[in-house]
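Report on one structure; see the data block that follows.
Residue numbers (our numbering), protein chains in the order written: chain Y, 1291 to 2010; chain C, 118 to 635.
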């Protein structure tokens, strides 16, 4: 891919792979632009069709270019910035006067730049003076983050550069369909495929699972909700067959004895009856991993274990991820030169978004908001008394459940999220959003959430502003302004600056990304995610910048090389036992629904459903189910079906495929209205991480019988 | 019934320290930590609980002893639990609520749980006469505990031919484990094939697999053992033949260890009789779980006990009982629930656990066999709701049988089809309905994998990442693109994961080959 001479080097607006691209303004001042792939270690010049078409959204006819205010008739009409900003600050103050500061809440997103995520956390605590802030990463990375912190004392998605994977002979991918969700990533699996060592665990024979075909690896297809048991079974084999790395366990870990005793009861033949994965396959995979681990410790092609949302987005997601980490530790993979463990972060800035203070319990630098030292440090940077910073708030699911409830949230700010589509139990969330006294949504399109707002603030797209994101490797990247924003749209930093001023907030709120980044760097100094050695000058030099990057250092491409981040330098093996999910999976009757993503769409689809080629490729929600399951239900290919769960019902077109287990159905969550997968999810959350259950919802599926009176019942034609 | 224990810790004594007792102890640990329970565990073996299911793996040397430990005595002691190993209870002094150890010591209890497990059956053969507990002759052993494992390991190390007596699951597993690790093994069994009663025709497929695994499978009825120089030397069969060997492993089943209960006037049939809340029949303060217990509350009309069978020597139901009892104790003793259940309902769901049909999965490396539930129904029987599907391919070592009632899987046999077997057990445990197309389950083990991608017409997608059709790539090549890079620049095909580069090259080569040919 040739780089256009006049283009700006930047990164893709979508997933956490953050493919490098060049954006070249069309030169006609219409805001249009061209995207080209750019050579970079992560994407090696490649882009998927989402990235290729990203510039089509810059001047999309749906683009919001003026604030919208709901008028007395309930219609959203354009209004002046001053009008809406004054109105918001007046309403916030009156709501807080009547109901307390925590009646105002903020919901952020893992797609916001570091500067915006940081400023949003500061805005919530200092301008709104509320403890109630959380973000959609709770639905994404929270389980992996909790498990990583528990085991290693630190959570960076990949604690090594992505290129390291290329040298591996064995890669175990648990619950990730990277071939669809971040296609250029697949380039790094070539080494493992060539060695026959790619192992994919997925109830679906996904595009990623197919990468194991023809002797390139092994696909394990467990029933949903049994990943934890599967991992206990693999770890059992490793211990029982003496495949553990004892020197590593002795020198670098604690907790082995307790974990090993718990594993004695998970022999493969027992595990096979729970997971549906044959004992022989479990043994084969355990031995494959051990062989890779041995090669790795001998100084060559090692083994990597990578987790994705498929095993994390469960009510036992933290424990399941812990089981994956335990397996990696038993084999001696983490913190070594040729092997490792990591989690594949999902959203564009899913890594940076979870580090700088938009989590309910967190301050910048991945600090705990309950830690007095952390509070003192951040208060000093902000120039405020420590007790001005509120305590911990509510995690996302609880926060959204409190909308409009007595003592709950009455005013909500939403940034970089579309909770009406992406949150579990979407119908209840939508009801909650409708019951608010004030809903303020910042977006560049009228998303399903924005459509419910009292005030919609038109903000900038990725190519219209400067900023930084932290990719799945923990590498901080510069996004650059390449095109002029449309007149009328403003950056979220400017919005927060204006509102903070109207709310008489202390400290500084600047619309300049570089200024806010410098402050973020200072606030993060000494924290876990330390950015204090970075500024735009360093980043613009092109030098790789992996955190922790304390002042005076050159960053940390590989973590844990000498020690893990706990005080004693050891990684901790935490015993875990299966609880709810496995029990649910053992009940008779309904099918199990897993939600997930398609290659053509991103998250709630607000962006990708507006790109004609992407919408044409995947225009409507389609429910994947096995042909023999469909036969028993009297459902034919392409027929309309209704899916029912304890939380609601959704509609889709039947997509028959032998690639899915007979007991499992799959529905992508990119669609809104009647086809929204999250109308079906909800209920339990992980006790540690607050992660909702997204992947094991019991459902019933039936053919949709149209009503005789001609009323359209499917709602599928209008999803865009 | 006593009032709920409140001010003083309830003294719980567990007799036996096998896997089931260990599971109960896990449930009681938090109560000990909370000061609600003072716990004593009395185990007869010198070792704390370990997973007996894996003893054969230890015997053949492929699993270290440490890897099958389920509990650690010192860890438990440091949490305040009184663990006594190598200790034997002689008698239960029920009036004074205490157990008397063989050394004369007494341990008081408020609640007593018997988890004494089972012991291997000592077959009545010439040369093995004597009481069940008397020592076996040199060269003869069971394969039940770690001591047995060490004996078998020694025989293997000495490269002796090992005769396994018993064609049940334990015998087959022991024989396979030893054969897979290079041992010379003879498996001696009754009837036509090992496991014939459970597997039906599947047993013949299994027997073939055992022979392929290098096991000398012999059908016959043994009459006695021969000793030479006081050591085992062979087994005599009816008809006069003799199977020679250097070691004999007895795998003739297990039976509940009930003598302590019997000597203490508890009701015993095959096992210690307990009601469906696991309380020993006729007692207030004694429970029994695991292999030693037999659920039957002696009320003719008790639905919870209907259909309960004698203990089966399987670990799954025992662990379920330990979970049920542990949860019931926790609820009662932490005072946040009903008082001790009176056996007339409520209480642990032990009855259900005991009633669950056994799932037997052969533990072996190269041979797959699973069986569960009712397996003897005839495919041609006409009975409302009953359907039996069967697939037999003895020539390729495959056999499957699925028994359903009203569509729900109630019995299965599966040999030589690992994924099908795993899936059927999963469906059986869930009580799932099978798909009407039963053959779709057999295809889980088919080599076909999936039908090849649709024939590569011009409308088929060639590059998924960029969403480019084969036709578009062909057009770009026709328009002059001569390399993958050219095609990528023109169409974006191949610009994502790069997995389609070979396909693009093929399109280019075909185009130019055709051009040359014409």
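By construction, the Cβ of each residue, glycine as well, lies at the ideal position given by its N, Cα and C atoms.
Since I believe residue j is in contact with residue i (beta carbons under 8 Å), could you give me their beta-carbon distance rounded to a whole number of angstroms?
i, j, result
"residue 1783 of chain Y", "residue 1300 of chain Y", "About 17 Å; that fails the 8 Å criterion."
"residue 261 of chain C", "residue 169 of chain C", "7 Å"
"residue 217 of chain C", "residue 225 of chain C", "With a Cβ gap of about 11 Å, residue 217 of chain C and residue 225 of chain C do not count as contacting."
"residue 160 of chain C", "residue 126 of chain C", "Incorrect: roughly 21 Å between the Cβ atoms, too far for contact."
"residue 1650 of chain Y", "residue 1685 of chain Y", "5 Å"
"residue 1432 of chain Y", "residue 1981 of chain Y", "5 Å"
Going along chain Y in order, which residues have a C-beta closer than 7 Å to the C-beta of residue i?
i, result
"residue 616 of chain C", "1476"
"residue 215 of chain C", "Near residue 215 of chain C there are no residues of chain Y at all, since even the closest Cβ is about 31 Å away, more than 7 Å."
"residue 612 of chain C", "1327, 1336 and 1337"
Can you list, in chain order, the residues of its chain with a C-beta nearer than 6 Å to that of residue i? Leave out the 5 residues immediately preceding and following it.
i, result
"residue 1523 of chain Y", "1556, 1558, 1561 and 1572"
"residue 1391 of chain Y", "1419 and 1420"
"residue 1817 of chain Y", "1655, 1656 and 1657"
"residue 1490 of chain Y", "1463, 1498, 1499, 1502 and 1509"
"residue 459 of chain C", "Bear in mind that a pLDDT of 39 at residue 459 of chain C, under 50, signals an unreliable position, so the model cannot answer this."
"residue 1803 of chain Y", "1405, 1756 and 1757"
"residue 477 of chain C", "286 and 488"
"residue 385 of chain C", "375, 378 and 379"
Which chain Y residues sit within Cβ distance under 8 Å of residue i?
i, result
"residue 162 of chain C", "Those do not exist, as residue 162 of chain C stays about 16 Å from chain Y at its closest Cβ, beyond 8 Å."
"residue 171 of chain C", "1530, 1554 and 1557"
"residue 195 of chain C", "The contacting residues do not exist; residue 195 of chain C stays about 12 Å from chain Y at best."
Give the residues of chain C in contact with residue i, contact being defined as C-beta atoms less than 7 Å apart.
i, result
"residue 1822 of chain Y", "Within 7 Å Cβ-Cβ: nothing; residue 1822 of chain Y doesn't reach chain C, min ~36 Å."
"residue 1551 of chain Y", "186, 187, 188 and 189"
"residue 1469 of chain Y", "614"
Can you name, in chain order, every residue of its own chain whose Cβ lies under 8 Å from the Cβ of residue i, other than the five neighbours on each side?
i, result
"residue 1829 of chain Y", "1758, 1766, 1767, 1768 and 1835"
Quick one: which chain C residues come within Cβ less than 8 Å of residue i?
i, result
"residue 1308 of chain Y", "Chain C residues near residue 1308 of chain Y: none, gap ~15 Å exceeds 8 Å."
"residue 1626 of chain Y", "Going along chain C, no residue has its Cβ under 8 Å from residue 1626 of chain Y, so there is no contact; the nearest lies around 23 Å."
"residue 1564 of chain Y", "543 and 546"
Could you compute how far the alpha carbon of residue i sits from the alpha carbon of residue j?
i, j, result
"residue 1277 of chain Y", "residue 1474 of chain Y", "Residue 1277 of chain Y is absent from the model: chain Y starts at 1291 and stops at 2010."
"residue 171 of chain C", "residue 185 of chain C", "7 Å"
"residue 1908 of chain Y", "residue 1341 of chain Y", "16 Å"
"residue 1426 of chain Y", "residue 1396 of chain Y", "11 Å"
"residue 1671 of chain Y", "residue 1798 of chain Y", "10 Å"
"residue 1354 of chain Y", "residue 1896 of chain Y", "13 Å"
"residue 284 of chain C", "residue 246 of chain C", "22 Å"
"residue 1805 of chain Y", "residue 1443 of chain Y", "30 Å"
"residue 1430 of chain Y", "residue 1375 of chain Y", "31 Å"
Which same chain residues end up closer than 7 Å to residue i when comparing Cβ atoms and leaving out the 5 residues on each side of it in sequence?
i, result
"residue 1872 of chain Y", "A caution first: residue 1872 of chain Y carries a pLDDT of 47, below 50, which makes its placement in the model unreliable, though a value can still be read off. The answer, listed in chain order, is 1515, 1516, 1518, 1519 and 1564."
"residue 601 of chain C", "611, 618, 621 and 622"
"residue 1234 of chain Y", "The requested residue 1234 of chain Y is not part of the displayed model; chain Y covers only 1291 to 2010."
"residue 187 of chain C", "136, 139, 166, 167 and 168"
"residue 527 of chain C", "490, 491, 520 and 521"
For the ligand ADP, is there any heavy atom lying closer than 7 Å to the beta carbon of residue i?
i, result
"residue 195 of chain C", "As far as ligands go, the structure on display features none, and thus does not contain the ligand ADP."
Along chain C, which residues have their Cβ under 9 Å away from the Cβ of residue i?
i, result
"residue 1505 of chain Y", "By Cβ distance, chain C contributes nothing, its closest Cβ being about 12 Å from residue 1505 of chain Y, past 9 Å."
"residue 1314 of chain Y", "Result: empty, since nearest Cβ-Cβ is about 15 Å, beyond 9 Å."
Practice problem: Flag this pair as touching only if the segment 1592-1599 of chain Y and the segment 1456-1474 of chain Y have three or more C-beta atom pairs under 8 Å; answer yes or no. | Solution: yes
Quiz item: At a cut of 8 Å, does the segment 522-535 of chain C reach the segment 1928-1943 of chain Y through at least three beta carbon pairs?
Solution: no
Quiz item: Taking contact to mean at least 3 C-beta pairs separated by less than 8 Å, is the segment 1582-1590 of chain Y in contact with the segment 1622-1630 of chain Y?
Solution: yes
Exercise. Specify whether the segment 1786-1799 of chain Y and the segment 1376-1388 of chain Y touch according to this definition: at least 3 beta carbon pairs, one from each stretch, less than 8 Å apart.
Key: yes
Exercise. Could you tell me whether the segment 1474-1484 of chain Y touches the segment 1454-1463 of chain Y, using the rule of 3 or more Cβ pairs below 8 Å?
Key: yes
Self-check item: Touching by the beta-carbon criterion (3+ pairs, under 8 Å), the segment 284-291 of chain C and the segment 362-380 of chain C
Solution: yes
Quiz prompt | Validate contact between the segment 140-156 of chain C and the segment 1532-1546 of chain Y using beta carbons, cut 8 Å, 3 pairs | solution = no
Quiz item: Does the segment 248-260 of chain C touch the segment 299-308 of chain C, meaning 3 or more C-beta pairs lie closer than 8 Å?
Solution: no
Self-check item: Sufficient close CB pairs (3 or more, under 8 Å) joining the segment 1604-1618 of chain Y to the segment 1352-1369 of chain Y
Solution: no
Quiz item: Does the segment 1524-1538 of chain Y touch the segment 399-412 of chain C, meaning 3 or more C-beta pairs lie closer than 8 Å?
Solution: no
Self-check item: Touching by the beta-carbon criterion (3+ pairs, under 8 Å), the segment 502-515 of chain C and the segment 429-440 of chain C
Solution: no
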